[in-house]
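To start, the structure itself, in structure tokens.
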Amino acid sequence: ITLVKDTSLSFVLAIPEMFTVAKQIAAAEASISALLIAGGFYYLFNALVAFIMERFEKRLDYYDT
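Below is the structure:
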């Protein structure tokens, strides 16, 4: 999860980040659809990573039950 949340660090390092690119597209097209798509992708990606990490933690926690 920390890796997913380090997008601000990538922005500081001048690596094009998903929301930065989406804001540029939205400004060029005068439409917020790019931001909505980027937000949806970000939400789904974080949910997937959280789900996988929960399963991984449960698998490693089999001695504590």
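Numbering (our numbering), first residue to last: 894 to 958.
For glycine and all other residues, C-beta sits at the position ideal for the given N, C-alpha and C.
Burial state of A921 (16 or more Cβ within 10 Å): For the purposes of this step, residue 921 is identified with residue 28 of the sequence shown, where counting begins at 1. Looking at its Cβ environment, which holds fewer than 16 other Cβ atoms inside 10 Å, A921 is exposed.
Look at A919 and I925 and say whether their C-beta atoms are less than 8 Å apart. One-based indexing of the sequence shown puts residue 919 at position 26. One-based indexing of the sequence shown puts residue 925 at position 32. Yes. Within cutoff.
Assuming A915 contacts A927 under a Cβ cut-off of 8 Å, what Cβ separation, rounded to an integer in Å, is found between them? Residue numbering aside, residue 915 sits at position 22 when the sequence shown is read from its first letter. Residue numbering aside, residue 927 sits at position 34 when the sequence shown is read from its first letter. Going by Cβ atoms, the distance from A915 to A927 rounds to 4 Å, so yes, they are a contact pair.
Separation of F912 from A923, as counted between CA atoms: To locate residue 923, count along the sequence shown from 1; it is residue 30. To locate residue 912, count along the sequence shown from 1; it is residue 19. Cα-Cα distance, rounded: 15 Å.
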